[in-house]
Amino acid sequence: MGTITAGVALLSLCAIVATGCAERRAEDSHSVFLFSGEQAKGAAPQTGAASDSNSTNTSPASVLFVVYVATPPDVVDVMLKTARVTRDDVLCDLGCGDGRIVVTAAKRYGCLAVGYDLDPLRVQEARKNAEDNHVAHRVRIEQKDILEADLSGATVVTLYLGHQLNARLVPRLAKLGAGARIVSHDFPLADIPPDQVVHVTSRTDRRVHTVYLWNCPLKVANPRPTPTP
Ligand SMILES: C[S@@+](CC[C@H](N)C(=O)[O-])C[C@H]1O[C@@H](n2cnc3c(N)ncnc32)[C@H](O)[C@@H]1O
Numbered sequence: 002m003g004t005i006t007a008g009v010a011l012l013s014l015c016a017i018v019a020t021g022c023a024e025r026r027a028e029d030s031h032s033v034f035l036f037s038g039e040q041a042k043g044a045a046p047q048t049g050a051a052s053d054s055n056s057t058n059t060s061p062a063s064v065l066f067v068v069y070v071a072t073p074p075d076v077v078d079v080m081l082k083t084a085r086v087t088r089d090d091v092l093c094d095l096g097c098g099d100g101r102i103v104v105t106a107a108k109r110y111g112c113l114a115v116g117y118d119l120d121p122l123r124v125q126e127a128r129k130n131a132e133d134n135h136v137a138h139r140v141r142i143e144q145k146d147i148l149e150a151d152l153s154g155a156t157v158v159t160l161y162l163g164h165q166l167n168a169r170l171v172p173r174l175a176k177l178g179a180g181a182r183i184v185s186h187d188f189p190l191a192d193i194p195p196d197q198v199v200h201v202t203s204r205t206d207r208r209v210h211t212v213y214l215w216n217c218p219l220k221v222a223n224p225r226p227t228p229t230p
């Protein structure tokens, strides 16, 4: 229990530090923190570029964490349009930040939406965002590692993470049923060719953002076998 508390406190600290980076270009500030069991007890986390695959640790005691950078509202709009969201969808934002994607989806399209985030500050913000926008009955926010999120009912999955986390999600995303859609802001999904790529210049930061779409089932060339217990 002490380990969990120390880990959450450390994540909060990193998130507070990271929040200062939120206005920077996403690719500059997409640091990846890797928490091992020992590091979660209080040592400083390793940091590195999101694309630095050498730092990937598959130990179940470790958590791969990318810092908070919000998707500008006009890019959120393009993500939801590209994903062809309707009121019949269940949208899942992995690493939901302040909940802007799930709240916009629930408010504009009337769908159900679930957001997962490990940072308790973001979870609090996202829940308040849903309440303030009167969609709390359609939005659920869970504090959980995205690699443990339940995607079984999801028909749309949205991502703004990084190369490593996207790659780690592939085996789970590959289980999404036919008709589901995945959209990712700025980062591809390993080497899986997207079905659509949209470039949008945001009025918020005046930079060109990329939105990738994959229609499910994913065309995974070499799906990793699920390890047997
Ligand atoms: C780049 S932000 C994107 C926020 C939001 N989806 C958006 O597009 O505005 C990534 C979010 O993922 C969360 N996060 C990072 N690693 C995570 C992990 N392993 N499990 C759960 N949440 C994580 C961070 O706290 C942060 O809020």
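For the sequence shown, the working numbering assigns the number 2 to the initial residue and increments by one for each residue that follows.
The beta-carbon is built from N, C-alpha and C at its ideal position, and this holds for glycine as well.
- Remark: the shortest separation between the CB of H138 and any heavy atom of ligand 1 does not fall under 7 Å.
- Bounds of any alpha helix (DSSP H) do not take in N216; it lies within the beta strand (DSSP E) bounded by V209 to N216.
- About 6 Å separates the Cβ atoms of N130 and D99, confirming a contact at the 8 Å cut-off.
- Relative to the non-hydrogen atoms of ligand 1, the Cβ of Y213 never comes closer than 7 Å to any of them.
- Closest by C-alpha distance to Q197, out of V158, L162, R204 and V184, is V184.
- Nearest Cα to S63 within the set R208, G180 and R169: R169.
- With fewer than 16 other CB atoms across the displayed protein chains lying within 10 angstroms of its CB, E149 is exposed.
- For A107, the shortest C-beta to heavy atom distance toward ligand 1 is 7 Å or greater.
- Secondary structure in the stretch 98-132: the beta strand (DSSP E) runs of 3 residues or longer, each lying completely within the stretch, are 113-118 in chain order.
- P194 has its alpha-carbon roughly 31 Å from the corresponding atom of V140.
- Classified as exposed, D151 has fewer than 16 neighbouring CB atoms from the shown chains inside 10 Å of its CB.
- Straight across, the Cα-Cα distance linking V157 with D90 is about 7 Å.
- Shown here for R123: same chain residues with a beta carbon closer than 6 Å to its own, the five before and five after excluded, namely G98 in chain order.
- With a threshold of 7 Å, the Cβ atom of A71 counts as near ligand 1, since some heavy atom of the ligand is closer than that.
- Of all alpha-carbon atoms in T87, L65, G96 and V79, the one lying nearest the alpha-carbon of A71 is that of G96.
- For T202, the uninterrupted beta strand (DSSP E) run begins and ends at Q197 to T202, by DSSP.
- Per DSSP, the beta-bridge partners of S185 are L160 and Y213.
- Residue environment for R85: exposed (fewer than 16 other C-beta atoms within 10 angstroms of its C-beta).
- Relative to the Cα of L174, the nearest Cα in the group D120, V212, H210 and C93 belongs to C93.
- Under the DSSP assignment, V77 falls in the alpha helix (DSSP H) whose first and last residues are P74 to T83.
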